[in-house]
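Chains as they are written, first to last, in my numbering: chain R, 40 to 333; chain D, 2 to 320; chain V, 321 to 869; chain G, 33 to 529.
Virtual Cβ for every residue (Gly too), placed ideally from N, Cα, C.
None of these values were measured; they are calculated from a predicted model.
Below: one structure, written as structure tokens.
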Ligand SMILES: Nc1ncnc2c1ncn2[C@@H]1O[C@H](COP(=O)(O)OP(=O)(O)OP(=O)(O)O)[C@@H](O)[C@H]1O
Ligand SMILES: Nc1ncnc2c1ncn2[C@@H]1O[C@H](COP(=O)(O)OP(=O)(O)OP(=O)(O)O)[C@@H](O)[C@H]1O
Ligand SMILES: [Mg+2]
Ligand SMILES: [Mg+2]
């Protein structure tokens with residue numbers, strides 16, 4: 040009897056198959072290596088590569104004015120046509136990508152990071168929460184335009200302004216979103232469980248609350264990155280954005296739209312790039328969200 | 002809910018007080034001044050001095066601020082430098098248009114987001130998802146000034162079925178059918194971006210909800226997926242969507258500036274742009290203050306809706 | 321020969337990990353029959369049941385055959401399944417804590433279940449909901465209809481889930497541990513209810529349980545599972561009398577028992593406690609109220625409790641569901657705001673302690689949540705979850721921590737390979753053991769264990785309890801042990817407190833309370849304990865209770 | 033029912049003037065009541081042109097005064113006063129009769145600096161008013177006023193009784209062909225026909241001015257039939273519309289503006305005139321006119337149109353596009369640092385011109401940095417003279433008596449200008465040109481030559497092009513006119529259907 044007891048009570052570890060259970064968990068990286076994630080990465084990669092290799096690929100300088108080529112349509116010589124001051128739109132698009140990469144992949148993440156940190160930390164205590172939320176209200180209440188004008192007063196127009204404006208615009212968005220998630224997640228028993236074993240606020244925030252609040256933030260990040268190009272364009276529209284003659288996707292699209300009736304081709308190239316970039320971003324964010332849900 | 006609002010009121014008032022000062026100072030910190038835009042480049046220095054004292058801008062800043070506060074306390078919002086009328090009337094006129102436009106857009110965005118995300122989740126069909134996802138991308142990627150002009154080109158110029166812009170000549174109430182036609186293009190244009198972003202959020206949130214154990218319970222009871230999504234998952238996913246909508250509202254108001262310009266919609270967007278470029282301090286100040294009030298209110302509202310949607314927030318405590 | 325109601329043949333279920341979760345299970349349930357599925361934790365009981373109702377977790381691949389009255393269910397499209405679920409086959413899931421929609425009232429959820437099969441609506445639905453709640457012994461059913469899940473105690477939730485499953489009077493009820501969170505009296509009611517339903521409507525029941533008493537009490541036939549395979553199948557009587565397989569014998573041998581009436585001790589000397597010793601935990605006239613005072617509706621959950629737990633002792637908390645056991649436990653961990661009285665841990669007030677002191681106190685204290693599923697971060701692997709207390713306090717190096725994790729996994733009888741899994745990929749009992757392992761990580765001085773073994777089969781439970789006793793002996797920690805299983809409490813606890821409606825009705829040394837109960841309620845409890853012996857089935861339960869009462 | 037059908041106007045061929053219809057005009061910017069007399073926006077211009085009459089009218093293409101409210105006039109021998117005979121059949125829209133008192137009131141209003149009209153100094157120089165005859169007035173001057181007719185052409189005769197309402201934008205009462213009905217700020221202005229007009233009764237029943245700030249939206253609404261006429265379309269759109277059989281583009285050659293590059297001499301790099309000459313040689317004016325303004329302009333060195341008494345065809349060719357010469361000049365100066373080049377942001381034409389100028393200058397070795405500035409800020413910099421480099425802007429008034437420009441247009445002001453250009457000679461010449469009996473006497477012309485030389489030698493302001501004013505309208509709009517002031521003259525305009 041006692042023999043058999045030992046035999047049958049042996050823990051499940053004794054099962055031989057278990058030794059092989061060492062596969063890597065399908066994580067974020069796997070999600071990016073197939074399906075949607077891969078397609079998104081390729082799109083983003085292509086746009087980034089075009090931007091980085093711009094100087095090598097561009098047939099003309101970004102500000103080079105080609106005599107006589109005034110707003111001519113797409114052709115072998117000018118793939119995307121030329122603009123109203125005789126510049127090659129294709130070349131400008133390539134250089135324009137570089138500007139937007141900076142905005143999309145630097146300004147938005149910076150704003151998002153600060154916003155998330157702010158939202159995380161402030162929402163932990165009631166007092167800071169109230170203060171932070173009201174501050175976010177205030178910042179959100181100022182339309183982008185006014186923020187931009189206000190900021191130009193201090194730093195002057197240009198890429199820097201665009202950068203600051205986007206950081207300032209994204210900060211409260213992420214702050215508020217983080218706070219909402221935090222309020223739900225912090226009620227979860229597993230956060231309490233960490234609290235019980237003595238984990239401090241920071242630990243709970245970093246290890247439990249943040250990772251479990253990421254879904255909406257990931258979506259917002261993709262959306263914000265997409266919208267950044269547009270904010271950049273709108274600012275250029277008001278003369279607060281990237282200064283001419285420096286190209287940017289937003290200002291190229293804006294110029295294209297200005298010439299919509301005469302040169303409908305103008306905006307197509309830059310728009311295609313933006314759509315590719317946005318599609319890439321959304322696909323990647325979708326893939327990541329799916330991977331996190333799985 | 003009453004006491005809940007009451008509890009929030011003091012902080013809201015503090016925000017308004019701080020905002021009023023912040024706005025007052027900020028507006029004056031921005032370079033350029035109302036006198037030079039009013040007087041134009043060719044005015045003589047005397048002319049400018051005359052205008053300056055006319056507007057009371059020669060007074061010390063603190064005096065001006067106190068004066069303004071005093072006015073506000075009496076419900077007097079001042080007179081516009083440039084346009085000349087009572088700020089109150091100007092804002093009221095513009096506000097009606099803007100409210101109609103943004104409310105319609107918000108409604109459209111919410112409906113589109115609800116329909117699209119529920120469709121995506123309920124059908125869960127590859128092609129439907131791909132189509133929705135692509136539509137989404139376009140809506141997010143295309144700037145308002147592109148979609149606006151394309152819409153006008155399509156529906157007003159090439160196929161002239163809708164007005165290219167402007168507000169209904171007889172107001173919104175006289176002929177609702179006509180008003181709707183005037184409203185359609187700008188509202189759609191404004192709603193696109195917000196609607197698309199919201200769709201993304203809601204779809205993700207719904208997908209997450211569908212993995213919750215209570216959904217398994219519901220499925221085990223034989224409740225069809227469609228119904229689970231509509232009556233249970235949606236309700237759980239909505240609070241975060243409402244927050245996003247509250248945040249999106251800012252973007253929406255920002256977009257309104259552009260949309261109002263493209264569609265010649267005489268609302269607050271155009272007014273604020275004009276007021277800023279003309280450094281029309283009284284008008285800018287009131288508009289910004291209004292914006293802050295609206296935002297504080299919107300945030301209050303989202304919190305209330307939150308509490309209304311989620312009993313755990315409303316009733317408190319965890320089991 | 322007539323076809324059985326349910327016929328599962330050669331069911332195998334596998335996931336991406338190499339070892340199949342279910343290898344080959346064949347079970348039949350005849351019309352009106354109650355079949356019990358028992359076996360080792362993690363042996364595939366829950367998965368088998370879920371396969372029947374077509375709700376296997378993502379990534380599960382099932383082969384074999386599942387027939388309901390001869391119709392194949394495996395591989396049936398979702399839409400056809402909907403007509404079957406709830407109406408013909410209903411299921412009560414193992415973990416009731418998260419099984420309810422948090423933002424809908426329970427009344428709504430029951431009405432929705434009724435609506436799903438074109439049943440009653442409106443007023444009639446409400447009446448039926450009240451009836452159902454009453455049937456599952458929920459007090460004040462009319463009022464509770466408007467409650468949200470988070471306002472109910474664990475046992476109440478479990479009963480609501482049962483009510484949901486019974487709403488449409490299914491032909492087959494799959495009940496996965498339907499009574500784990502219930503106190504014995506309610507459990508007895510539920511068992512009686514299940515039997516009543518079977519008798520009245522001819523509903524067949526496939527019940528999964530660890531409680532051999534429940535099996536003995538309810539089941540006609542027993543199927544014993546181990547490592548995804550059926551090791552034995554027999555009628556209840558035969559199984560208890562003449563278990564064939566070694567595992568079954570071990571299972572039966574491990575069943576903890578309460579002392580029989582003749583073994584009862586009448587006077588037990590109270591152990592000597594030095595008068596000046598600092599108690600490990602002290603409740604002094606503690607009061608807790610839930611609900612908002614501003615709404616004017618206050619529910620006293622704990623009402624003037626005074627208890628004292630000496631160092632190195634185990635205090636068993638028993639009592640009906642919703643009587644405030646969990647609340648008392650949470651109080652000790654400083655998780656519930658006090659409405660009155662004081663709680664001292666090692667002589668210190670945890671609620672008032674601040675900063676380092678608080679962290680220090682916390683470190684010496686461990687807590688096992690009643691609901692292990694919810695208390696494990698879904699994004700943490702098992703290893704991370706167990707290691708977290710070490711990480712938090714920065715104790716020892718990385719390697720040592722990993723060793724410790726392996727040690728603990730082994731101690732709770734989990735294979736080391738589970739370290740990489742997420743909580744979702746474990747069975748209920750496995751998760752509970754993870755939660756226990758996590759609580760033991762830091763060698764606590766005070767352990768608050770809220771139903772730590774409710775989801776464990778008796779064999780594993782026996783081992784875990786042995787381990788527990790061993791550790792307790794070695795480390796000398798004090799423990800608050802909350803359980804519905806009086807036999808278990810009897811086995812581990814030095815002191816016992818019996819709670820009812822937030823008040824202590826009786827407390828004292830375990831042997832005395834269980835041996836010579838002085839309070840009626842305690843006697844009721846003891847009488848309601850199902851005896852793991854099918855032959856005495858009729859002598860227990862309500863009948864006996866009445867006798868005693 | 034469809035909003036489009038209800039909104040779309042009549043269209044079709046022309047069968048002679050017909051009465052009726054409302055002309056819907058798209059304007060870029062709204063009126064600003066506080067500066068209603070400054071020609072500051074196209075809507076203001078339309079309002080002034082529709083509601084008010086002036087005493088005299090200049091034809092578009094010369095400077096010979098024609099009667100309007102004044103039937104005849106006589107300048108005194110000493111050039112220090114003028115007597116005008118006024119019409120006696122004119123009534124304000126309120127029904128009140130128009131008299132010489134109203135002329136006095138109008139001139140005095142203009143002399144008030146708070147209205148900031150360009151000819152304020154000229155109006156202020158009129159100090160004596162003899163209004164004893166209600167239908168004649170004698171104005172006496174402080175000093176000779178060679179440009180008094182400019183004032184009489186520009187000055188609208190306003191009603192003193194409703195003046196308070198004018199200040200707040202509530203009412204605009206004049207004697208003109210249309211009566212002001214309503215103004216909805218930043219939305220629209222409406223006017224209706226003045227049935228008691230002293231001249232030929234207008235054909236149109238009314239005018240509606242829609243404020244459509246986006247030039248492209250104007251074109252869209254014109255194309256979709258919501259507007260009949262737009263004043264703010266871009267040159268490129270005008271070109272396209274001109275080719276479209278459904279639309280007409282009308283040019284008004286006499287009402288001109290000039291686009292120029294200003295140079296702030298406070299910047300040490302710009303102090304050397306050689307650099308400014310290099311700039312003048314480096315700019316490809318032909319290209320700017322052709323590509324940006326689609327041929328609707330003339331390259332210039334001096335601001336005057338060809339009918340101006342100050343016009344000098346030869347002098348106007350002093351600086352033609354000559355990059356080599358520019359390079360030579362730059363080479364003589366050695367390296368210069370980057371110079372800021374400001375322009376008003378958000379305007380496609382300015383932006384394009386600025387980029388071309390930058391490229392032109394870059395090609396000859398002058399480095400510049402573009403500085404788009406928001407309009408309000410730009411004006412402030414202009415007034416304060418704080419550009420510290422180059423700037424691009426337009427100016428007007430060169431199509432009037434030349435002295436008007438020198439004494440009234442800010443960039444040319446000899447006393448103080450944005451260029452920080454101070455020159456005794458220039459000031460003397462400007463004053464002398466003003467102090468003439470008549471704007472086209474040989475003495476005056478001699479002074480203009482001196483002024484021209486000052487401008488060309490000092491180049492504190494480098495003229496680029498003279499721009500013509502254009503409108504686009506549907507084919508149903510006929511007989512459209514424009515005053516020299518740039519106001520639409522709709523007295524004889526009619527809509528065909
Ligand atoms: N979602 C999943 N992914 C991977 N493995 C799983 C999953 N769910 C269960 N398993 C594994 O399948 C086996 C059987 O699980 P099941 O839940 O059926 O056990 P059980 O018999 O109900 O145990 P318990 O009595 O502890 O509830 C276990 O070893 C478990 O680890
Ligand atoms: N957050 C809450 N809000 C309101 N009431 C609550 C809350 N948590 C618990 N209660 C109520 O307090 C009482 C005691 O609950 P508690 O969880 O302590 O019971 P329990 O003895 O642990 O029951 P079980 O054995 O069912 O787990 C119950 O009546 C319950 O409904
Ligand atoms: Mg199980
Ligand atoms: Mg409990």
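Secondary structure note for residue 489/V: it is in no beta strand (DSSP E), with a DSSP letter that is neither H nor E. The three-state reading of DSSP puts residue 130/D in helix, counting H, G and I together.
If you compare the alpha carbons of 146/G, 83/G, 245/G with that of residue 379/G, the shortest gap goes to 245/G.
Think of a sphere of 9 Å around the beta carbon of residue 164/R: no beta carbon from chain V falls inside it, the nearest being about 14 Å out. Minimum Cα-Cα distance from residue 290/D among the listed residues 27/D, 309/D, 8/D, 9/D corresponds to 27/D. Looking at the DSSP output, residue 498/G shares a beta bridge with 290/G, 330/G. Under the Cβ criterion of 8 Å, residue 406/V is counted among the residues facing chain D. The beta carbons of residue 157/G and residue 177/G sit about 6 Å from each other, so the pair counts as a contact at 8 Å.
Sorting 478/V, 421/V, 534/V by C-alpha distance to the C-alpha of residue 357/V places 534/V at the top. Nearest neighbour of residue 73/D by Cα position, chosen from 83/D, 61/D, 60/D, 87/D, turns out to be 87/D. Against chain D, the CB of residue 81/R has no partner CB under 8 Å away; the residue lies outside that interface.
Bounds of any alpha helix (DSSP H) do not take in residue 376/G; it lies within the beta strand (DSSP E) bounded by 371–376. Judged by DSSP secondary structure, residue 54/G falls within the beta strand (DSSP E) whose first and last residues are 54–59.
Under DSSP, residue 513/G shares a beta bridge with 521/G. The Cβ of residue 416/V sits no closer than 8 Å to any Cβ of chain R. Within the region 225–249 of chain R, contact with chain D at the beta-carbon level (separation under 7 Å) is assigned to 226.
Chain-order list of chain G residues neighbouring residue 301/R: 268, 272, by C-beta distance under 7 Å. For residue 805/V, the Cβ stays outside the 7 Å cut-off from all heavy atoms of ligand 1.
Judged by the Cβ position, residue 460/V fails to qualify as a neighbour of ligand 2 at the 7 Å threshold, every heavy atom of the ligand being at least this far. For secondary structure counted as the beta strand (DSSP E) over 3 or more consecutive residues, the region 70–115 of chain R holds no complete run. Looking at the backbone, the Cα of residue 472/G and that of residue 63/G are separated by about 34 Å. Contact with chain G is found for residue 82/D, since one of that chain's Cβ atoms lies less than 8 Å from the residue's Cβ. Runs of the beta strand (DSSP E) spanning 3 or more residues and lying entirely within the region 361–404 of chain V occur at 381–388, in chain order. Rounded to whole angstroms, residue 223/R and residue 154/D show a C-alpha spacing of 46 Å. Neighbours of residue 220/D across chain V, judged by C-beta separation under 7 Å: 375, 405.
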